[in-house]
Amino acid sequence: MSRPKLVLASASPRRLALLAQIDVTPDAVVAPAIDETPRRHEAARVYAQRLARAKAAAVSVPGALVLAADTVVGAGRRILPKAESEAEARACLALLSGRRHRVVTAVVLAAPDGRRLERLVTSQV
12 MSRPKLVLAS
22 ASPRRLALLA
32 QIDVTPDAVV
42 APAIDETPRR
52 HEAARVYAQR
62 LARAKAAAVS
72 VPGALVLAAD
82 TVVGAGRRIL
92 PKAESEAEAR
102 ACLALLSGRR
112 HRVVTAVVLA
122 APDGRRLERL
132 VTSQV
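Count along the sequence shown from 1, then add 11; that gives the number in this note's numbering.
So, in structure tokens, the structure goes:
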């Protein structure tokens with residue numbers, strides 16, 4: 012029996028680089044088309060889990076393992092958006108400077124038979 016194909020559900024070059032560090036090369040990389048808008052009062056961990064699950068579901072490939080993840084930075088009850096420009100990055104860094112914040116990563120591995128492995132890791136910074 013051959014191994015199932017591995018599909019990375021991500022548009023992030025960093026995700027691909029992380030897999031390369033552990034000598035894993037996906038058979039395909041597909042950018043999921045999902046709405047990444049946070050919901051009102053949504054906690055960072057809930058948001059990260061929801062997005063990782065949605066990415067895995069959006070990239071469903073018959074017979075393949077689908078790996079999806081999302082990383083979110085939370086400060087207090089606020090979810091920081093991904094910086095799209097240098098100015099936005101500076102604003103986020105200024106907000107975080109000297110403050111404790113959380114970096115939350117949710118990972119979903121969806122198997123061809125419908126099973127899912129999920130992990131959530133939170134780091135206090």
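Using N, Cα and C, we set each Cβ at its ideal position, and we do this for glycine too. Predicted model, so just to flag it, every value in this text is computed and none were measured.
1. What is the residue span of the beta strand (DSSP E) that LYS16 lies within?
2. How is VAL40 classed by DSSP in three states: helix, strand or coil?
3. Does ARG88 come out as helix, strand or coil in the three-state DSSP assignment?
4. When you compare only the Cα positions, how much space is there between HIS112 and ALA63?
5. From the DSSP output, in three-state form, read off VAL72 for me.
6. Which residue or residues does DSSP assign as beta-bridge partners of GLU129?
7. Can you give me the start and stop residues for the alpha helix (DSSP H) that GLU97 sits inside?
8. Could you tell me the alpha carbon to alpha carbon distance between LEU91 and VAL83, rounded to whole angstroms?
In this structure, then:
1. Counting from 1 along the sequence shown, the entry for residue 16 is found at position 5. Run containing LYS16: 16-20, per the beta strand (DSSP E) assignment.
2. Numbered from 1 along the sequence shown, position 29 holds the residue referred to as residue 40. The answer is strand: DSSP assigns VAL40 an E or B state.
3. Counting from one through the sequence shown, the residue named residue 88 turns up at place 77. Looking at ARG88 - three-state DSSP - the assignment turns out to be coil, as it is neither helix nor strand.
4. Taking the first residue of the sequence shown as 1, we reach residue 112 at position 101. Taking the first residue of the sequence shown as 1, we reach residue 63 at position 52. Roughly 21 Å between the two C-alpha positions.
5. By 1-based counting over the sequence shown, the position of residue 72 is 61. Residue state, collapsed to three classes: coil.
6. Here residue 129 refers to the residue found at position 118 of the sequence shown. BP columns for GLU129 point to VAL119.
7. As a first step, residue 97 is located in the sequence shown; it is residue number 86 there, counting from the start. First-last of the alpha helix (DSSP H) with GLU97: 97-107.
8. Position 80 of the sequence shown holds residue 91. Position 72 of the sequence shown holds residue 83. Taking the straight line joining both Cα atoms gives about 7 Å.
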